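Single-structure report; data block below.
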Amino acid sequence: MITDAVFRCYDKAEHYFSRSFERPAITFRRSGKNAGTAFLQQNRLNFHPILYKENSEVFIREVVPHEVSHLLVWILFARVQPHGKEWQSVMRGVFDCSPSATHQFDVKRVSRSFSYKCDCDTYALSTRRHNNILKGAQYKCKKCSSLLRAA
């Protein structure tokens with residue numbers, strides 16, 4: 001269904017711009033809290049399978065045009081602001097969508113946190129920070145300046 005939606009977006013864009021566009025590769029990998037990601041130089045779109053499953057209608061209506069717009073803007077204008085006037089123009093003009101940079105999906109199921117403590121408090125760190133600690137990074141508490149350690 002997402003693939004069909006992506007191709008429909010490309011059909012609209014080709015009609016709007018009176019030119020053809022190479023279709024992107026489409027992947028479905030978990031990507032933190034990101035509903036979708038456009039990999040510009042690879043001409044690839046990635047979509048979060050769990051967020052799609054839980055929000056399929058809104059996903060097709062908002063996330064797919066959002067990410068397709070990123071690829072189209074890259075092809076048409078090259079290096080511009082990710083959610084700048086060119087991207088907003090494609091969102092509005094081609095897809096008749098509100099150009100929003102963020103989604104409103106519930107990400108509790110897909111966002112995991114890790115408990116760390118210092119000398120004065122306990123913190124929930126993101127997966128990225130947790131993985132950085134596993135690789136040797138150190139984080140200090142802003143209040144007591146002690147190093148955070150696994151709780």
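By the UniProt record's numbering, the letter at position 116 of the sequence shown is numbered 116, and the numbering carries on one by one without gaps. Note that the Cβ used here is the ideal one computed from N, Cα and C, for glycine as well. Note that this is a predicted model, so its numbers are computed, not measured.
- For Y116, the enclosing beta strand (DSSP E) begins and ends at 113 to 117.
- A contact is defined here as three or more CB-CB pairs under 8 angstroms, and the stretch 3 to 13 meets this definition with respect to the stretch 59 to 70.
- Within the same chain, no residue comes within 6 angstroms of R19 by CB-CB distance, once the 5 residues on both sides are set aside.
- L125 and Y16 have their C-alpha atoms spaced approximately 45 angstroms apart.
- Of all alpha-carbon atoms in R44, L51, F59, the one lying nearest the alpha-carbon of G32 is that of L51.
- A Cβ-Cβ contact shorter than 8 angstroms links N43 with E22.
- With a 10 Å radius around the Cβ and a threshold of 16 neighbouring Cβ atoms, S56 comes out exposed.
- A78 and K117 do not touch by the CB rule: their CB atoms are close to 47 angstroms apart, not below 8 angstroms.
- Beta-carbon to beta-carbon, C97 and D119 are separated by about 49 angstroms, too far to satisfy the 8 angstroms threshold.
- Beta-bridge partners assigned by DSSP to T127: none are found.
- For R8, the enclosing alpha helix (DSSP H) begins and ends at 2 to 17.
- For R92, the uninterrupted alpha helix (DSSP H) run begins and ends at 85 to 93, by DSSP.
- Put simply, the backbone Cα of Y10 is about 25 angstroms away from that of E54.
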